[in-house]
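Enquirer:
Residue numbers (the working numbering): 208 to 508.
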């Protein structure tokens with residue numbers, strides 16, 4: 208079964224990080240052996256879970272109990288099993304990227320040096336959109352109208368637009384409050400690392416407000432289409448929101464990841480109550496507000 212290859216790749220990623228820690232490499236950041244061992248154990252654990260999901264129906268039944276109510280996960284449906292294994296693999300792959308890049312400092316440097324432009328932003332968004340469409344069977348067992356309906360893409364009403372706008376403002380407000388609380392409770396070093404990464408993102412994508420708006424739309428549209436449009440109807444609100452948080456690698460090992468999970472819950476509620484389009488509106492607002500505020504502050508200073 209070809210799907211077995213993904214648990215094997217997870218072990219390979221863990222081994223690769225271990226080798227990077229003990230052997231001379233050209234990596235910009237040294238990886239401690241303790242960090243490598245923790246990651247390798249993490250990768251091996253998720254690899255074992257993926258293997259058991261493939262081989263053991265009892266574990267797939269447990270997964271179905273975890274996602275219900277709110278999801279349509281079927282332990283006997285092959286596509287849903289593939290989705291679970293791919294999700295576990297993506298968490299391991301994201302973790303490998305985080306460790307090999309050198310954590311938050313390495314991510315900030317990588318963004319600063321690469322200065323991703325429109326092509327890179329569009330390519331990332333396209334991958335998310337492609338996975339979402341393929342994952343729901345677009346043009347295979349669903350025509351285009353059925354696909355759009357399954358993904359929750361609709362022409363928004365004024366009510367949906369306003370609710371999405373308001374939820375985006377609420378999510379941004381919660382992020383600000385959470386950041387203030389974290390600032391009061393955490394060490395300056397931890398806060399500095401996250402702030403540096405965030406500022407590099409703003410610098411990379413915020414040369415102009417038009418560029419920032421384009422980034423906010425492409426990232427918001429593609430992420431919501433995948434997480435809320437394709438994944439949430441199968442796996443439910445809470446598991447999808449946790450997965451959404453884990454895919455934001457720059458916030459691993461910080462309280463900020465809890466804020467991202469809560470934001471995911473808010474966007475997921477919009478998907479359940481209204482549509483994915485409404486969640487996209489909220490995500491766009493949430494992404495764009497930091498750029499807008501910094502632009503206003505720079506103008507007035």
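Glycine residues also receive a C-beta, built at the ideal position from the N, C-alpha and C atoms.
Could you give the first and the last residue of the continuous alpha helix (DSSP H) run that contains residue 493?
Expert: Looking at the DSSP string, the run of the alpha helix (DSSP H) that includes residue 493 is 483–507.
Enquirer: Can you grab the Cα-Cα spacing for the pair residue 266 / residue 365, in whole Å?
Expert: Rounded to the nearest angstrom, the two C-alpha atoms are 44 Å apart.
Enquirer: Figure out for me which residue from 224, 454, 431, 210 has the closest Cα to the Cα of residue 308.
Expert: For residue 308, the nearest C-alpha among the options comes from 224.
Enquirer: Could you check the C-alpha separation between residue 350 and residue 465 for me, to the nearest Å?
Expert: Rounded to whole angstroms, residue 350 to residue 465 spans 37 Å at the Cα level.
Enquirer: Between the beta-carbon of residue 491 and the beta-carbon of residue 375, is there less than 8 Å?
Expert: A contact, by the Cβ cut-off of 8 Å.
Enquirer: Which of the three DSSP states, helix, strand or coil, is assigned to residue 349?
Expert: Strand at residue 349.
Enquirer: Please report the distance separating the alpha-carbon of residue 380 from that of residue 226.
Expert: Using only the alpha carbons, I get a separation of about 43 Å.
Enquirer: Considering only C-alpha positions, which residue in the set 238, 253, 357 is nearest to residue 291?
Expert: It is 253 whose Cα lies nearest to the Cα of residue 291.
Enquirer: Relative to the C-alpha of residue 495, which residue among 443, 458, 417 is closest?
Expert: Residue 495 has its Cα closest to that of 417, out of 443, 458, 417.
Enquirer: Does the distance from the C-beta atom of residue 473 to that of residue 378 stay below 8 Å?
Expert: Taking 8 Å as the Cβ cut-off, residue 473 and residue 378 qualify as a contacting pair.
Enquirer: Does residue 305 pass the burial test, meaning 16 or more other C-beta atoms within 10 Å, or should it be called exposed?
Expert: Counting Cβ neighbours within 10 Å, residue 305 comes out buried, since at least 16 surround it.
Enquirer: Tell me the DSSP secondary structure of residue 238 in three-state form.
Expert: It is coil, neither helix nor strand.
Enquirer: Out of curiosity, what's the CA-to-CA distance linking residue 507 and residue 501?
Expert: Taking the straight line from one Cα to the other gives about 10 Å.
Enquirer: Whose C-alpha, out of 259, 228, 213, 277, is nearest the C-alpha of residue 435?
Expert: The residue with the shortest Cα to Cα distance from residue 435 is 277.
Enquirer: Helix, strand or coil: how does DSSP classify residue 446 here?
Expert: It is helical.
Enquirer: Closest by CA to residue 274, which one among 251, 392, 419, 450?
Expert: The shortest C-alpha separation from residue 274 is found at 450.
Enquirer: Please state whether the Cβ-Cβ distance between residue 330 and residue 426 is less than 8 Å.
Expert: It is not a contact, given that the beta carbons lie outside the stated cut-off.
Enquirer: So does the region 431–445 actually touch the region 475–490, counting three or more Cβ pairs closer than 8 Å?
Expert: Flag = yes, the region 431–445 and the region 475–490 touch.
Enquirer: Near residue 297, what residues of its chain come up, given a Cβ to Cβ distance below 6 Å and the 5 sequence neighbours on each side ignored?
Expert: If we look at residue 297 and ignore the five residues flanking it on each side, it has no Cβ neighbours.
Enquirer: Please state whether the Cβ-Cβ distance between residue 326 and residue 257 is less than 8 Å.
Expert: No, the Cβ-Cβ distance between residue 326 and residue 257 is not below 8 Å.
Enquirer: Give every residue of the same chain whose Cβ lies closer than 6 Å to the Cβ of residue 228, excluding the five residues on either side of it in the sequence, and list them in chain order.
Expert: For residue 228, where only same-chain residues beyond five positions count, the Cβ hits under 6 Å are 238, 240, 243.
Enquirer: For a test of the three-state rule: what should DSSP assign to residue 440, helix, strand or coil?
Expert: Of the three classes helix, strand and coil, the one that applies to residue 440 here is helix, per DSSP.
Enquirer: Measuring straight from C-alpha to C-alpha, what distance separates residue 288 and residue 342?
Expert: Approximately 12 Å between the Cα atoms of the pair.
Enquirer: Report the three-state DSSP secondary structure of residue 454 (helix, strand or coil).
Expert: It is coil, neither helix nor strand.
Enquirer: Mind checking residue 487: buried by the 16 CB within 10 Å criterion, or exposed?
Expert: With 16 or more Cβ atoms within 10 Å of its Cβ, residue 487 is classed as buried.
Enquirer: Mapping the DSSP letters down to three states, classify residue 459 as helix, strand or coil.
Expert: Note: residue 459 maps to coil in three-state DSSP.
Enquirer: By Cβ distance below 6 Å, which residues in the same chain neighbour residue 459 in space, the five residues on each side in sequence not counted?
Expert: Same-chain partners within the cutoff: 305.
Enquirer: Decide if residue 299 is buried, meaning its Cβ has at least 16 other Cβ atoms within 10 Å, or exposed.
Expert: Classification for residue 299: buried.
Enquirer: With burial defined as no fewer than 16 other Cβ atoms inside 10 Å of the residue's Cβ, what is the status of residue 369: buried or exposed?
Expert: Burial call: exposed.
Enquirer: If you measure between the beta carbons of residue 456 and residue 493, is that distance less than 8 Å?
Expert: Contact: no.
Enquirer: Consult DSSP for residue 360 and reduce its assignment to one of helix, strand or coil.
Expert: Residue 360 falls in the coil class under three-state DSSP.
Enquirer: Could you tell me the boundaries of the alpha helix (DSSP H) in which residue 228 lies?
Expert: Unbroken alpha helix (DSSP H) run through residue 228: 212–229.
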